[in-house]
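Note that the protein sequences, when read in sequence, are chains Y and B.
According to the numbering used here, the first sequence is numbered sequentially starting from 1.
According to the numbering used here, the second sequence is numbered sequentially starting from 1.
All C-beta atoms in this analysis are idealised placements derived from N, C-alpha and C, irrespective of residue type, glycine included.
Below is one structure; the comments refer to it alone.
Protein chains: 2
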Amino acid sequence: MIDAGAVIGRLRETDARSGGRREAWTEPWAAERERLDAQARAGGGAVFVQRDSFANAWYVLPGETEETVLVGSHCDCVPGGGWLDGILGVHAGLGVLAAIAAGPTPRRTLAIVDWADEEGTRFGRSLLGSSAATGALTAAELDGLAAADGTPAAAIVSAYGFAPSALGHPEPRLRPVVAAVELHIEQGGTLERQGQAVAAVAGCLGVRRSRITLHGVAGHAGSTPMGLRADPVRAGAAFIGELFADAQEHGGLATVGRIEAQPAITTAVPARCVLDLDLRHEVLGELQALDARADRLLARDRAVGSERAALYAQDPIEFDPALVAAATAATAGTAAIAAPVGEPIRSGPLHDSAALAQAGIPTAMLFTSSSGGVSHSRDEDTPERHLVAGIEALYRLVRTLLRD
Amino acid sequence: MIDAGAVIGRLRETDARSGGRREAWTEPWAAERERLDAQARAGGGAVFVQRDSFANAWYVLPGETEETVLVGSHCDCVPGGGWLDGILGVHAGLGVLAAIAAGPTPRRTLAIVDWADEEGTRFGRSLLGSSAATGALTAAELDGLAAADGTPAAAIVSAYGFAPSALGHPEPRLRPVVAAVELHIEQGGTLERQGQAVAAVAGCLGVRRSRITLHGVAGHAGSTPMGLRADPVRAGAAFIGELFADAQEHGGLATVGRIEAQPAITTAVPARCVLDLDLRHEVLGELQALDARADRLLARDRAVGSERAALYAQDPIEFDPALVAAATAATAGTAAIAAPVGEPIRSGPLHDSAALAQAGIPTAMLFTSSSGGVSHSRDEDTPERHLVAGIEALYRLVRTLLRD
Chain Y
1 MIDAGAVIGR LRETDARSGG RREAWTEPWA AERERLDAQA RAGGGAVFVQ
51 RDSFANAWYV LPGETEETVL VGSHCDCVPG GGWLDGILGV HAGLGVLAAI
101 AAGPTPRRTL AIVDWADEEG TRFGRSLLGS SAATGALTAA ELDGLAAADG
151 TPAAAIVSAY GFAPSALGHP EPRLRPVVAA VELHIEQGGT LERQGQAVAA
201 VAGCLGVRRS RITLHGVAGH AGSTPMGLRA DPVRAGAAFI GELFADAQEH
251 GGLATVGRIE AQPAITTAVP ARCVLDLDLR HEVLGELQAL DARADRLLAR
301 DRAVGSERAA LYAQDPIEFD PALVAAATAA TAGTAAIAAP VGEPIRSGPL
351 HDSAALAQAG IPTAMLFTSS SGGVSHSRDE DTPERHLVAG IEALYRLVRT
401 LLRD
Chain B
1 MIDAGAVIGR LRETDARSGG RREAWTEPWA AERERLDAQA RAGGGAVFVQ
51 RDSFANAWYV LPGETEETVL VGSHCDCVPG GGWLDGILGV HAGLGVLAAI
101 AAGPTPRRTL AIVDWADEEG TRFGRSLLGS SAATGALTAA ELDGLAAADG
151 TPAAAIVSAY GFAPSALGHP EPRLRPVVAA VELHIEQGGT LERQGQAVAA
201 VAGCLGVRRS RITLHGVAGH AGSTPMGLRA DPVRAGAAFI GELFADAQEH
251 GGLATVGRIE AQPAITTAVP ARCVLDLDLR HEVLGELQAL DARADRLLAR
301 DRAVGSERAA LYAQDPIEFD PALVAAATAA TAGTAAIAAP VGEPIRSGPL
351 HDSAALAQAG IPTAMLFTSS SGGVSHSRDE DTPERHLVAG IEALYRLVRT
401 LLRD
């Protein structure tokens with residue numbers, strides 16, 4: 001059986017050493033990865049510690065066949081991030097590896113992967129290592145990335161063993177993978193509200209992200225009757241009000257994380273209002289309908305013109321149904337908690353698992369609850385018994401998959 | 001009769017020399033004022049050219065009595081401003097002065113005043129010279145003012161003849177003033193929409209200006225169902241939508257010139273939304289009701305908390321009814337245009353005349369139309385025949401007042 005308490009102890013030790021400072025392609029991140037290597041090697045000679053061409057760390061326990069069960073997550077974090085996002089899946093995976101390695105050789109091979117740069121905080125590109133491994137990240141895309149100070153991403157990642165020249169060639173270790181699973185915190189409040197410790201994840205919401213510029217007519221705050229103004233802030237407010245109500249009614253998510261009036265003069269009707277819109281839905285048709293509704297609402301206002309530039313688009317990702325069912329079954333009957341087996345939930349955030357699923361690899365995830373739904377913050381937390389339930393569910397799931 | 005064409009010629013010459021660059025307390029502004037002095041002196045020995053203790057320029061034609069009719073405006077402009085805002089009233093006033101000086105000594109004294117720093121662009125304090133002259137500007141307030149580079153306002157204005165030590169002592173030249181009038185462009189589109197060249201101004205709208213901070217709960221754009229979010233941008237949009245509709249319904253003006261989500265992350269529900277709200281109405285009770293409605297709307301949202309800090313408050317200013325009637329009469333029957341005599345309108349922007357009215361001096365204004373309502377821009381314009389109508393109306397009004 002897996003020692004979930006030991007996994008949680010290692011999470012706390014890691015947080016004490018490098019918590020909130022393990023941004024990808026930095027020394028604290030690289031140092032923590034060397035510690036993970038040492039920990040995996042200490043587990044016994046049967047485990048191979050390797051890096052692929054994209055700085056992803058592989059911890060492999062060969063089975064009777066090359067068919068591979070992959071357990072992945074990431075040890076990098078956002079600056080000031082919490083003690084669980086990503087690193088939970090890595091330490092839980094290494095805990096599972098140690099438990100399996102202590103027993104007889106499994107039928108299938110087990111690979112724990114610490115994907116490089118899931119968060120994308122350095123270059124604004126999430127899922128960097130996993131997307132490189134699946135072949136989705138192109139050399140042209142990497143060439144377009146740079147750090148805030150202008151240093152090209154290629155120069156920075158090369159210093160940590162990432163080979164830009166290998167881009168476009170999917171990582172061969174992925175070929176024999178028959179199942180990929182990941183344990184992560186939810187980063188939302190659904191499980192907490194439902195009173196669940198852990199749940200399987202059926203897929204990731206689709207995303208349509210755009211920058212909208214509303215063009216009005218600037219003027220003095222004391223002039224022009226309200227009915228004759230072309231006020232881009234008022235138009236933006238009406239747009240947000242209607243679109244958000246529509247998203248809520250149809251089970252989607254709509255967020256404006258950035259909004260700005262230009263020029264920002266307290267006593268003037270602004271000339272422009274710029275806002276970033278993030279739309280999400282689990283059903284592609286609904287996502288497209290919400291996106292089209294945004295266009296219609298923008299076109300409706302004749303006094304205020306608008307432009308809309310796409311920033312990012314990702315269709316909804318469905319994880320493998322059989323694997324999701326197996327993950328759901330694995331959440332039942334943990335030793336630590338009488339957890340009700342709930343319906344699989346959807347992930348709003350993207351994860352490395354999404355990159356694998358998009359590449360056609362059978363994939364599923366497990367989420368533990370997030371206290372208050374808080375993440376990307378030092379306040380991020382999960383009740384310890386929920387972590388135990390998640391770690392044990394991952395162990396049960398992997399054992400089942402290794403025998404299939 | 002006044003030579004309106006000559007006044008317009010001087011406006012164009014001034015604009016060619018220093019257009020858009022006559023910010024108060026700069027060399028282009030001071031140089032233009034010396035030219036105005038020379039122009040006034042060239043009109044004949046009967047006119048005294050003086051500066052008061054607050055750098056306001058006085059051009060005085062003594063009458064049979066000390067009772068004074070004051071014609072004021074300002075020759076400073078906002079950076080990149082137009083060819084009419086403020087300087088129209090100064091050149092028109094000097095044109096009136098020249099026309100009156102060419103005739104017999106008037107019964108009352110005529111004073112043209114070029115108020116210093118109406119725009120307030122250097123220190124963020126509008127109506128500086130006129131407020132100093134009425135005694136409304138205190139030494140403590142001046143001490144709190146500084147230029148963007150941190151230089152104290154007192155140091156800058158002293159170099160142009162403004163004596164901070166005189167603050168608190170109303171300018172003696174104001175004591176015998178029995179009527180103060182000002183010709184200005186409307187800076188709004190009301191006259192243009194009504195097909196009017198010129199109109200009397202009954203008063204200035206009252207203002208309530210505040211900074212509102214909405215406090216929500218930050219979260220990932222992919223997490224938390226819409227109905228469970230505490231989204232400060234959505235709350236701000238609803239607030240703007242309802243309050244602006246209320247302002248429109250009740251004949252007021254509501255403007256949000258600044259709005260900002262914090263932190264500005266495209267993929268996150270923001271923690272806060274900060275917006276500046278400017279409310280205006282001509283009726284004090286309606287202004288107060290609109291202001292109270294803003295408080296009620298903010299208090300209604302229980303998920304999103306709010307703070308509201310007052311930035312500026314000015315009750316509506318009523319100009320002198322008899323003087324407004326005289327100004328209205330003066331707009332009838334100009335030589336240049338068969339202008340319909342319209343109802344007096346209200347000024348949304350404040351003017352030096354507001355400072356005089358607040359000090360209890362009988363005051364009124366005349367507005368000419370503004371093309372497209374555009375001002376504080378190089379595109380600012382007024383049809384030349386409307387300018388002629390305004391200049392001639394000012395002349396008729398002043399002649400009447402000098403004889404009263």
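In chain Y, what lies closer than 9 Å to residue i by C-beta?
| i | result |
| --- | --- |
| M1 (chain B) | What M1 (chain B) touches in chain Y: nothing, since even the nearest Cβ is about 32 Å away. |
Compute the beta-carbon to beta-carbon distance between residue i and residue j, rounded to the nearest angstrom, for a pair I have assumed lies under 8 Å.
| i | j | result |
| --- | --- | --- |
| L397 (chain B) | T368 (chain B) | At roughly 13 Å, the Cβ-Cβ gap does not stay under 8 Å, so L397 (chain B) and T368 (chain B) are not in contact. |
| T105 (chain B) | G63 (chain B) | 6 Å |
| V198 (chain B) | T363 (chain B) | Contact doesn't hold; Cβ gap of about 17 Å is too wide. |
| A136 (chain Y) | A359 (chain Y) | 7 Å |
| G224 (chain B) | G80 (chain Y) | Here residue 224 (chain B) turns out to be Thr, not Gly, going by the sequence shown. At roughly 20 Å, the Cβ-Cβ gap does not stay under 8 Å, so T224 (chain B) and G80 (chain Y) are not in contact. |
Closer than 7 Å by beta-carbon distance: list the chain B residues that pair up with residue i, in chain order.
| i | result |
| --- | --- |
| L183 (chain Y) | Correct list: empty, because the minimum Cβ distance to chain B is about 17 Å. |
| F244 (chain Y) | M226 and R234 |
| I240 (chain Y) | V233, R234 and A237 |
| P270 (chain Y) | G257 |
What does residue i touch in chain Y if you count any residue whose Cβ is under 8 Å from its own?
| i | result |
| --- | --- |
| P349 (chain B) | H220, G222 and S223 |
Against residue i, what residues of chain B qualify as contacts under a CB-to-CB distance less than 9 Å, listed in chain order?
| i | result |
| --- | --- |
| Q314 (chain Y) | Those within 9 Å of Q314 (chain Y) in chain B number zero; the least Cβ separation is about 11 Å. |
| E260 (chain Y) | R258, I259, E260, A261 and A264 |
Going along chain Y in order, which residues have a C-beta closer than 7 Å to the C-beta of residue i?
| i | result |
| --- | --- |
| Q187 (chain B) | H220 and S223 |
| Q248 (chain B) | M226 and G227 |
| T368 (chain B) | The contacting residues do not exist; T368 (chain B) stays about 14 Å from chain Y at best. |
| D278 (chain B) | A221, T266 and T267 |
| S375 (chain B) | H220 |
| L253 (chain B) | A221, G222 and M226 |
Going by the DSSP bridge assignment, what does residue i pair with across the sheet?
| i | result |
| --- | --- |
| D301 (chain Y) | According to DSSP, which records beta bridges pairwise, D301 (chain Y) is partnered with nothing at all. |
| D278 (chain B) | B:R209 and B:T255 |
| P152 (chain B) | B:A146 |
| T331 (chain B) | T331 (chain B) pairs with nothing; no bridge assigned. |
| G203 (chain Y) | Y:E318 and Y:R346 |
| I185 (chain Y) | Y:T368 |
| C75 (chain B) | Note: C75 (chain B) sits in no beta bridge, so no partner. |
| A294 (chain B) | The partner list for A294 (chain B) (beta bridge, DSSP) is empty, contrary to what the question assumes. |
| V157 (chain Y) | Beta-bridge pairing links V157 (chain Y) to no other residue. |
| V269 (chain Y) | Y:G219 |
| A163 (chain B) | None; A163 (chain B) has no bridge partner. |
| S306 (chain B) | B:L214 |
| A261 (chain B) | B:C273 |
| L191 (chain B) | DSSP lists no partner for L191 (chain B). |
Does the distance from the C-beta atom of residue i to that of residue j stay below 8 Å?
| i | j | result |
| --- | --- | --- |
| I185 (chain B) | S370 (chain B) | yes |
| A357 (chain Y) | F319 (chain Y) | yes |
| A327 (chain B) | L366 (chain B) | yes |
| C256 (chain Y) | D276 (chain Y) | Looking at the sequence provided, one finds Val at residue 256 (chain Y) rather than Cys. Yes. Within cutoff. |
| R211 (chain Y) | A309 (chain Y) | yes |
| G82 (chain B) | S375 (chain B) | yes |
| L284 (chain Y) | G206 (chain Y) | yes |
| I391 (chain B) | A4 (chain B) | yes |
| F244 (chain B) | R234 (chain Y) | yes |
| D278 (chain Y) | R346 (chain Y) | no |
| L142 (chain B) | A159 (chain B) | no |
| I100 (chain Y) | L61 (chain Y) | yes |
| D85 (chain Y) | R33 (chain Y) | no |
| P344 (chain Y) | V201 (chain Y) | yes |
| A147 (chain B) | R122 (chain B) | yes |
| I259 (chain B) | E260 (chain Y) | yes |
| D231 (chain Y) | V269 (chain Y) | yes |
| A108 (chain Y) | T65 (chain Y) | In the sequence as presented, Ala is not what sits at residue 108 (chain Y); that position holds Arg. Yes; because the gap between Cβ atoms is below 8 Å, this pair is in contact. |
Under 8 Å Cβ-Cβ, which residues of chain B neighbour residue i?
| i | result |
| --- | --- |
| R209 (chain Y) | T266 and T267 |
| L205 (chain Y) | G222 |
Item to check | Inside the region 207 to 256 of chain Y only - alpha helix (DSSP H) runs reaching at least 4 residues | outcome: 232 to 249
Checklist entry - Which full runs of the beta strand (DSSP E) of 3+ residues lie inside the region 78 to 145 of chain Y, going along the chain? => result 109 to 114
Checklist entry - Which residue spans inside the region 358 to 399 of chain B form an unbroken beta strand (DSSP E) run of at least 3? => result 363 to 368
Checklist entry - In the region 7 to 57 of chain Y, which residue ranges form an unbroken beta strand (DSSP E) of at least 3 residues, counting only runs that do not cross its ends? => result 48 to 51
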